[in-house]
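*Asks:* Below is a structure I'd like to ask you about.
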Amino acid sequence: MKILLFGKYGQLGWELERTLACLGPVVAIDYPDVDFKEPEALPRIIQNNDPDLIVNAVAYTDVDKAESEPEIARAINATSVGVVAEVACKGKIPFIHYSTDFIFNGTKGAAYTEKDTPDPINVYGRTKLEGELVIQQVGGAYLILRTSWVYSLRKGGFVNKVLEWSRDQKSIRIVDDQVGSPTWARLLAQATAQIVSKNTIDPFEYLSEVAGIYHVAGSGAASRFEWAKMILNLESGRTGQMTQELQPAKSAEFPSPAERPSYSALDCKKIADSLGVVLPPWYESLRLALNN
Ligand SMILES: NC(=O)c1ccc[n+]([C@@H]2O[C@H](COP(=O)([O-])OP(=O)(O)OC[C@H]3O[C@@H](n4cnc5c(N)ncnc54)[C@H](OP(=O)(O)O)[C@@H]3O)[C@@H](O)[C@H]2O)c1
Numbered sequence: 024m025k026i027l028l029f030g031k032y033g034q035l036g037w038e039l040e041r042t043l044a045c046l047g048p049v050v051a052i053d054y055p056d057v058d059f060k061e062p063e064a065l066p067r068i069i070q071n072n073d074p075d076l077i078v079n080a081v082a083y084t085d086v087d088k089a090e091s092e093p094e095i096a097r098a099i100n101a102t103s104v105g106v107v108a109e110v111a112c113k114g115k116i117p118f119i120h121y122s123t124d125f126i127f128n129g130t131k132g133a134a135y136t137e138k139d140t141p142d143p144i145n146v147y148g149r150t151k152l153e154g155e156l157v158i159q160q161v162g163g164a165y166l167i168l169r170t171s172w173v174y175s176l177r178k179g180g181f182v183n184k185v186l187e188w189s190r191d192q193k194s195i196r197i198v199d200d201q202v203g204s205p206t207w208a209r210l211l212a213q214a215t216a217q218i219v220s221k222n223t224i225d226p227f228e229y230l231s232e233v234a235g236i237y238h239v240a241g242s243g244a245a246s247r248f249e250w251a252k253m254i255l256n257l258e259s260g261r262t263g264q265m266t267q268e269l270q271p272a273k274s275a276e277f278p279s280p281a282e283r284p285s286y287s288a289l290d291c292k293k294i295a296d297s298l299g300v301v302l303p304p305w306y307e308s309l310r311l312a313l314n315n
């Protein structure tokens, strides 16, 4: 099975290239070899590679910057995704794509299921939802894996930021009014490979049978404050930490261009029941990620 992976330098894409390698040759590309701002170039790239499976980890993920660049965010998160979905559907190529908890408005006060109605409150969420809708309209053998608060220790992201702050700040203030499901990119990649591995002989047939939207994220929920507290507690050695005090704060104290949902944890029962995929509790994954 030949796999075409878009977005190999992203948090998730980097893990996917390594995890999917056990299932067959992976052709992994990223910007500038593929540019999702130029949807018209995508059919040729797909045809030239003639894949048996397409996995898309490309996304415009800068939630604040998206507010001032909605057209670029839309091209990457929706228009290009639609083009890939069309080529995949016409060519009978199964297509795996990722979406976000930010398609919800965050007011439910409990973990969101796949049956809850999306209502994004920022440009990033709106463009990701448009991407979901266009894939569903096109149809075919698609999986939309909605995830939440993805982190990797390789570069950027919340976990690295907290560790960096802990190196030179005695006191850190972190918001406790945003709740989500922290998800280690490596385990999300492994969950993807686990799904694909169920039928490597005819992935189109298998993914046609199970096509749809699934929530897949670290089990449970945490506020950013609880997440940060756990990061500092679990960092192995803790030798470089100079932080003595972690204080809860409110989002309103840190104005940002994009509004964020206050509670966007995901209920992942559907993927557990139907595909047998269960990610460990978010703090267990974090322990593994931090080598504790
Ligand atoms: N990060 C989260 O907290 C989170 C939460 C929920 C869902 N998700 C979803 O999970 C998936 C993976 O996210 P991630 O955290 O791995 O994102 P990421 O680290 O930002 O990776 C996205 C990748 O897409 C590439 N990219 C951006 N613009 C491009 C373009 N015009 N053409 C080609 N490639 C381009 C990026 O390259 P550059 O780095 O060079 O821009 C990067 O390699 C996405 O669908 C995202 O929406 C993420």
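Here the sequence shown stands for residues 24 to 315, numbered as in this note's numbering.
The beta carbon of each residue, even a glycine, is placed where N, CA and C say it ideally should be.
(1) R286 to E187, Cα distance in whole Å?
(2) Have a look at the DSSP bridge pairing and note the partners of Y121.
(3) Starting from L27 and walking both ways along the beta strand (DSSP E), at which residues does that stretch end?
(4) Compute the beta-carbon to beta-carbon distance between V104 and I69, rounded to the nearest angstrom, for a pair I have assumed lies under 8 Å.
(5) Hey, would you say the C-beta of G30 is under 7 Å away from at least one heavy atom of ligand 1?
(6) Quick check on the DSSP output: the beta strand (DSSP E) that includes I236 runs from which residue to which?
(7) If you compare alpha carbons, which of P226, S279, Q201 is closest to K25?
(8) Relative to the alpha-carbon of G203, which residue among F181, Y83, V219, A234 has its alpha-carbon at the smallest distance?
(9) Going by beta carbon distance, what residues of the same chain come within less than 8 Å of E282, once the five residues before and after it are set aside?
(10) Suppose you measure from the CA of P62 to the CA of Q270; what does that come to, to the nearest Å?
(11) Return the first residue and the last residue of the alpha helix (DSSP H) that L65 is part of.
(12) For T130, which of helix, strand or coil comes out of DSSP?
(13) Just to check, is the beta-carbon of F127 closer than 7 Å to a non-hydrogen atom of ligand 1?
(14) Have a look at D85, I236, L35, L257 and flag the residue whose alpha-carbon is nearest the alpha-carbon of G148.
(15) Would you check whether ligand 1 has a heavy atom nearer than 7 Å to the C-beta of W207?
(16) Would you check if there are 3 or more beta carbon pairs closer than 8 Å linking the stretch 191-209 to the stretch 45-57?
(17) Relative to the C-alpha of E232, which residue among I218, V239, G243 is closest?
(18) How is T102 classed by DSSP in three states: helix, strand or coil?
*Replies:* In short, the structure shows the following:
(1) The residue labelled residue 286 in the question sits at position 263 within the sequence shown. The residue labelled residue 187 in the question sits at position 164 within the sequence shown. Note that residue 286 is Tyr in the sequence shown, not Arg. Rounded to the nearest whole angstrom, the CA to CA distance from Y286 to E187 is 26 Å.
(2) Working through the sequence shown from its first residue, we reach residue 121 at position 98. Answer is L168.
(3) Position 4 of the sequence shown, counted from the start, is the residue given in the question as residue 27. Element bounds for L27: 26-29.
(4) Within the sequence shown, the letter at position 81 stands for residue 104. Within the sequence shown, the letter at position 46 stands for residue 69. Actually they are not in contact, since the Cβ atoms of V104 and I69 sit about 13 Å apart, beyond 8 Å.
(5) In the sequence shown, the residue the question calls residue 30 occupies position 7. Yes - ligand 1 has a heavy atom lying nearer than 7 Å to the Cβ of G30.
(6) Here residue 236 refers to the residue found at position 213 when the sequence shown is read from its first residue. I236 -> beta strand (DSSP E) spans 235-238.
(7) Indexing the sequence shown from 1 puts residue 25 at position 2. Considering only alpha carbons, the answer is P226.
(8) The residue you call residue 203 lines up with position 180 of the sequence shown. Of the candidates F181, Y83, V219, A234, the one whose C-alpha sits nearest the C-alpha of G203 is F181.
(9) Mapped onto the sequence shown, residue 282 falls at position 259. Excluding sequence neighbours, E282 sits near I144, N145.
(10) Reading the sequence shown from its first residue, position 39 is the one you call residue 62. Reading the sequence shown from its first residue, position 247 is the one you call residue 270. Each residue's alpha carbon lies about 45 Å from the other.
(11) In the sequence shown, residue 65 corresponds to position 42, counting from 1. Looking at the DSSP string, the run of the alpha helix (DSSP H) that includes L65 is 65-72.
(12) Working through the sequence shown from its first residue, we reach residue 130 at position 107. Coil, per DSSP.
(13) Counting from 1 along the sequence shown, the entry for residue 127 is found at position 104. F127: no, Cβ never under 7 Å from ligand 1.
(14) Reading the sequence shown from its first residue, position 125 is the one you call residue 148. The residue with the shortest Cα to Cα distance from G148 is D85.
(15) For the purposes of this step, residue 207 is taken as the residue at position 184 of the sequence shown. For ligand 1, not one heavy atom lies less than 7 Å from the Cβ of W207.
(16) no
(17) If you number the sequence shown from 1, residue 232 lands on position 209. Looking at the Cα atoms, I218 is the closest of the given residues.
(18) On the sequence shown, residue 102 is found 79 positions in, with the first residue counted as 1. Looking at T102 - three-state DSSP - the assignment turns out to be helix.
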